[in-house]
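In this note's numbering, the protein residues as written are 69 to 134.
Read the structure below first, then the notes.
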């Protein structure tokens, strides 16, 4: 229970690391439409993280008890 915040912060750091890797991989001259690819990939990654974080936090302290 006391490690829940560390799990969320650690996974957020992992998402930022993946975002940085995406930025580096799409930096070259051979990639067309760099900005569109970056926005799409990082946006999908952040959407997935936010969805996962909401589900994870709802399991930590649910709004409705069973």
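Built from N, CA and C at the ideal position, the CB exists for glycine as well.
All figures in this text were calculated on a predicted structure; none of them were measured in a lab.
- Here residue 99 carries a coil assignment [DSSP, helix/strand/coil].
- Between the alpha carbons of residue 90 and residue 105 lies a distance of about 9 Å.
- Each of 114, 76, 71 and 128 was checked against the Cα of residue 87, and the nearest Cα belongs to 114.
- When the beta-carbon positions are compared, residue 92 and residue 117 stay at least 8 Å from each other.
- Between residue 124 and residue 85, the C-beta gap is not smaller than 8 Å, which leaves the two residues out of contact.
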